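Only one structure is covered here, and it is reproduced in the block below.
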Amino acid sequence: YVSTVKDDKGRKTVIDLLPENSKRLFPVGRLDYDTEGLLILTNDGDLTYKLTHPKNEVPKTYLVKTEKPISEENVAKLRGGVIIDGVKTKKCNIKIIEQNKEFTRLNVTITEGRNRQIRKMFESVGSNVDFLKRIKIGELTVSGLNRGEVRRLSPSEINYLLNI
-2 YVSTVKDDKG RKTVIDLLPE NSKRLFPVGR LDYDTEGLLI LTNDGDLTYK LTHPKNEVPK
58 TYLVKTEKPI SEENVAKLRG GVIIDGVKTK KCNIKIIEQN KEFTRLNVTI TEGRNRQIRK
118 MFESVGSNVD FLKRIKIGEL TVSGLNRGEV RRLSPSEINY LLNI
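Sequential numbering from -2 applies to the sequence shown in the numbering used here.
Here it is in structure tokens:
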């Protein structure tokens, strides 16, 4: 599925996951075609702006698995910001979850949302991302949902988002 309302290539979109009687909704931000995870759908343009504009620094956390181990030196570079597409990224939080001689699994929290940002960040230090999943937007988590599942936000979650 692609995270758009309509796709000119005829691929399935996230809108296809919704029940047929759903109101007109659109995705808040995007996930790359090879990325999975939490995506908020709404019809509230102000909320979309609040969640996606870099000045609001809404944290987005991703589970990242690299194709090979990544050094602590390169993790430190990523934390401090790296140059991608000619512009330095903001500092980010990174926690190594698991590392062995074949890969590293990390949680990465960014407050921007540039095109393919996580993948490009890791590429800038010579590491390719093998798996990428957005697991949190602010304090909302993907926990409890399987791939392709959709649920309504609770009133408290909506209130939380409106007051970020």
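Positions of the beta carbon are idealized from the N, C-alpha and C atoms, including for glycine.
Please read these numbers as outputs of a predicted model, since none were measured by experiment.
{"Item": "Note down the Cα distance separating Pro152 from Leu158, rounded to an integer number of angstroms.", "Value": "10 Å"}
{"Item": "Among the candidates Phe23, Val(-1), Asp29, whose CA atom is the shortest distance from the CA of Asn117?", "Value": "Looking at the sequence provided, one finds Lys at residue 117 rather than Asn. The shortest C-alpha separation from Lys117 is found at Asp29."}
{"Item": "Grouping DSSP H, G and I as helix and E and B as strand, with all else coil, what is Leu38?", "Value": "strand"}
{"Item": "Taking the alpha carbon of Thr58 as the reference point, which residue from Lys47, Glu109, Lys74, Ile155 has its own alpha carbon closest?", "Value": "Glu109"}
{"Item": "Rounded to whole angstroms, what's the CA-CA distance from Ile161 to Asp4? Just pull it up for me.", "Value": "31 Å"}
{"Item": "Work out the CA separation of Leu150 and Asn143 for me, nearest whole Å.", "Value": "16 Å"}
{"Item": "Assuming Ile107 contacts Cys89 (C-beta within less than 8 Å), just tell me the rounded distance between them.", "Value": "5 Å"}
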